[in-house]
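Here the structure is laid out as structure tokens; the discussion comes afterwards.
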Amino acid sequence: MPSPSPHATVLHAGRRTVLGLLIAAVIPLLLGVAGVGGLVTGRVTTEILIMVGVGVLGVMMLVVAWRQRHQKIAADHTGLWVHNGRAAQVIHWESVAGIGVYYTAQAVSLEVVPRVLADDRDPVLRALIRDDEPLAPELPRVRYRISLPQVGWRTLAEAVRRHSEPHPSLLWCGQINYNPVMAAPARRRSHRT
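If you read the sequence shown in our numbering, its first letter stands for residue 353, the second for the next number, and so on.
As structure tokens, this is what we get:
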């Protein structure tokens, strides 16, 4: 499989996810260790069992972080390169109808609308397929949603905009501050009419 050009803008999303999950896992892991210590000393109480359960949650967070450590997204003149840690795929600019960035206080995602039906057989892309409100009225609902870390996403978004500009048939929708709380009532109103 070819790879991004040496001049591609690369966002190592996995590294940033790992760091965030490691920081978030510290307290659950400490509670879990304390809970296991309580079990070893023979104290079996509801609090001890809850602490062990929270510790298991911390271990699961570490497993998720470890699996995602190699994830990266790159943009170059060819397209958008997505590497999920096990396999990579490129979404060529010619195959994209529209692209934009959704951001909220909690999450950021790159929304890529393909010209043809999203590829649900591709091992990398099928996990990214979402059906949501269209980015623009002339675009379909189904698209690829690529989660981005809270830090560093603006550099990648700028590279995506810059590299997609030479393709006039591709609609750059910009950065969209998405508020799911406000979108739900609007969606219900549109379904009634």
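Ideal placement from N, C-alpha and C gives every residue a C-beta, glycine not left out.
In this text, all values refer to a predicted model and were calculated from it rather than measured experimentally.
Determine the DSSP secondary structure at residue i, reduced to helix, strand or coil.
i: THR320; result: Since the first residue of the chain shown is 353 and the last is 545, residue 320 is not available in this structure.
i: THR361; result: strand
i: ALA488; result: coil
i: GLN461; result: A quick correction: the sequence has Ser, not Gln, at residue 461. SER461 falls in the strand class under three-state DSSP.
i: ALA479; result: helix
i: CYS525; result: strand
i: ALA439; result: coil
i: THR507; result: helix
Determine the direct distance from the alpha carbon of residue j to that of residue i, and round the result to whole angstroms.
i: PRO489; j: CYS525; result: 11 Å
i: LEU523; j: HIS364; result: 26 Å
i: ARG506; j: VAL388; result: 42 Å
i: ALA427; j: PRO520; result: 17 Å
i: GLY407; j: THR398; result: 14 Å
i: GLU517; j: TYR454; result: 19 Å
i: ILE379; j: ILE425; result: 30 Å
i: VAL465; j: ALA509; result: 15 Å
i: ILE498; j: ALA479; result: 9 Å
i: ARG438; j: VAL416; result: 14 Å
i: GLY431; j: HIS422; result: 20 Å
i: LEU414; j: ILE375; result: 10 Å
i: LEU487; j: TYR496; result: 12 Å
i: THR393; j: LEU381; result: 18 Å
DSSP has residue i in a bridge; who is on the other side?
i: HIS444; result: GLY431
i: ASP474; result: ASP474 is not bridged to any residue.
i: LEU500; result: VAL460
Within the same chain, show all residues whose beta-carbon is closer than 7 Å to that of residue i, passing over the 5 residues directly before and after it, in chain order.
i: GLN441; result: VAL434, ASP474, VAL476 and LEU477
On a CA-only basis, which of the options is nearest residue i? Give me that one, please.
i: ALA457; options: TRP418, PRO520 and VAL503; result: VAL503
i: ILE400; options: VAL411, LEU383 and VAL415; result: LEU383
i: LEU373; options: VAL392, ILE402 and TRP418; result: TRP418
i: VAL362; options: PRO501, ILE375 and ASP472; result: PRO501
i: GLU446; options: LEU371, HIS515, ILE375 and ALA360; result: HIS515
Leaving out the 5 sequence neighbours to the left and right, which residues in its chain are closer than 6 Å to residue i when beta-carbon positions are compared?
i: VAL494; result: ALA470 and ASP483
i: MET403; result: LEU383, ALA386 and GLY387
i: PRO358; result: none
i: ALA295; result: The question about residue 295 has no answer here: the residues shown for the chain are numbered 353 through 545.
Can you find the residues in the same chain that come closer than 8 Å, C-beta to C-beta, to residue i, ignoring five residues on each side of it along the sequence?
i: ALA449; result: VAL465, PRO466, ARG467, LEU491, PRO492, SER521, LEU522 and LEU523
Any heavy atom of the ligand NAD closer than 6 Å to the CB of residue i?
i: ALA417; result: For the ligand NAD, the structure offers nothing, since it holds no ligand at all.
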